[in-house]
Amino acid sequence: MPRTKNRGDVYVYNLVQAQFFLDCGLRPVAVGRGKHGDVFLRFKRDEATEEAFQRWTNFAREMKSKMM
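First residue of the sequence shown? That's 1 in the numbering used here, and the numbers climb one at a time after it.
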């Protein structure tokens with residue numbers, strides 16, 4: 001999973017990944033800035049988030065293989 005601060009929330013700092021999650025229909029519970037000033041979107045960890053992350057992993061793997 002993406003970086004997490006606790007077991008209930010998923011913090012996504014990669015804005016391309018965050019957009020992918022939004023495109024999958026997920027809605028963040030918060031948007032903020034990390035301690036280094038980087039933007040994150042916080043999603044509730046649930047089945048839909050787990051499914052979107054699996055789709056993201058497959059998508060990223062496919063994109064990486066096309067670049068090689």
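Glycine is no exception: its CB is placed at the ideal position from the N, C-alpha and C atoms.
What separation, rounded to the nearest whole angstrom, lies between the Cα atoms of R123 and V31? Residue numbering for the chain in the displayed model covers 1 to 68; residue 123 lies beyond these limits and cannot be assessed.
Between F53 and F21, what straight-line distance do the alpha-carbon atoms span, to the nearest angstrom? Here the question's residue 53 lines up with position 53 in the sequence shown. Here the question's residue 21 lines up with position 21 in the sequence shown. Each residue's alpha carbon lies about 8 Å from the other.
Could you check what DSSP says for D9 in three-state terms: helix, strand or coil? Along the sequence shown, read from residue 1 onward, the residue named residue 9 stands at position 9. Strand, per DSSP.
Run through DSSP, which three-state label would L15 get? Within the sequence shown, residue 15 is the residue found at index 15, counting from 1. Three-state DSSP puts L15 in a helix.
Taking the alpha-carbon positions, what's the N14 to F40 distance? Here the question's residue 14 lines up with position 14 in the sequence shown. Here the question's residue 40 lines up with position 40 in the sequence shown. Near 8 Å, if we compare the C-alpha coordinates of F40 and N14.
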